[in-house]
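Everything on this sheet refers to the single structure shown next.
Protein chains in written order, with our numbering: chain A, 61 to 172; chain B, 36 to 147.
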């Protein structure tokens, strides 16, 4: 099925633990993004990658890191989780020169 | 900087009522404008878009017109259905393939 797969669907994580959220796309889109969605704040960009091998910081990058070793995968890592990182995380992808993103179904993360 | 402002929700309507969700933007350039919809438990889906002034985007009975003079892109539907209950996000991008800036989202609840 063409699209974006995110894993896990949900997770409860102890504060201070390390966690990697996975994102895989099979559409060969060159650009990928990580957003967090918080009530009343909409979606805020954490990190992005315009092409494999490159990454950039978004609006709220602190506490998060990403890598883009290949076109399909764009994992998001929380090195040491804090309760303020409790959120729903969405991965998205797009093609340079076109409009519109494809979104994954999200990962609901609760840090306790 | 770029920003998108949406009316706060929730918006509660009866079935077959007329819907307007206001969206205004601030941009450093000449953006393209989008409406995304998020159904419960899912990721965002592109609903409609407009890439230049006076363009009207439309899909599934929803419409929005790009008004450069008022920097607005209000979403309208003549007769809502229960199945339209969702969260609606207005967004902008300065260039094709560029990153999206989202508004805070407006939750729509349609009662039978």
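Glycine included, every Cβ here is placed at the ideal spot set by N, Cα and C.
DSSP, read as helix, strand or coil, puts residue 116 of chain B in coil. The C-beta of residue 117 of chain B has fewer than 16 other C-beta atoms within 10 Å across all chains shown, which makes the residue exposed. Here the alpha carbon of residue 111 of chain B sits roughly 25 angstroms from the alpha carbon of residue 64 of chain B. The residue from A:92, A:78 and A:72 with its alpha-carbon nearest to that of residue 152 of chain A is A:92. For residue 67 of chain B, the uninterrupted beta strand (DSSP E) segment begins and ends at 67–73. Residue 127 of chain A carries a coil assignment under DSSP once its states are collapsed to helix, strand and coil. Secondary structure note for residue 91 of chain B: its beta strand (DSSP E) is the uninterrupted segment 91–94. DSSP places residue 165 of chain A outside both helix and strand once states are collapsed to three, so it counts as coil.
Listed along chain B, no residue sits closer than 7 angstroms to residue 147 of chain A by beta-carbon distance, the nearest being about 14 angstroms off.
With a threshold of 16 other beta carbon atoms within 10 Å, residue 96 of chain A meets it and is buried.
In this structure, residue 138 of chain A keeps its C-beta atom at 8 angstroms or more from the C-beta atom of residue 71 of chain A. For residue 153 of chain A, the closest Cβ of chain B is not nearer than 8 angstroms. The beta carbon of residue 76 of chain A sits closer than 6 angstroms to the beta carbons of 140 from its chain, once the five residues preceding and following it are set aside; these are given in chain order. Straight through space, the alpha carbons of residue 119 of chain B and residue 104 of chain A are spaced by roughly 24 angstroms.
Per DSSP, residue 112 of chain A lies in no beta strand (DSSP E) and is assigned neither H nor E. Looking at the backbone, the Cα of residue 124 of chain A and that of residue 44 of chain B are separated by about 30 angstroms.
Residue 136 of chain A has its alpha-carbon roughly 9 angstroms from the corresponding atom of residue 107 of chain A. For residue 77 of chain B, the chain A residues whose C-beta falls within less than 9 angstroms of its own C-beta are 163, 165 and 166, listed in chain order. Around the Cβ of residue 103 of chain B, a 10 Å sphere holds fewer than 16 other Cβ atoms; the residue is exposed. Where residue 65 of chain A is concerned, the enclosing beta strand (DSSP E) starts and stops at 64–67.
The three-state secondary structure of residue 140 of chain A, taken from DSSP, is coil.
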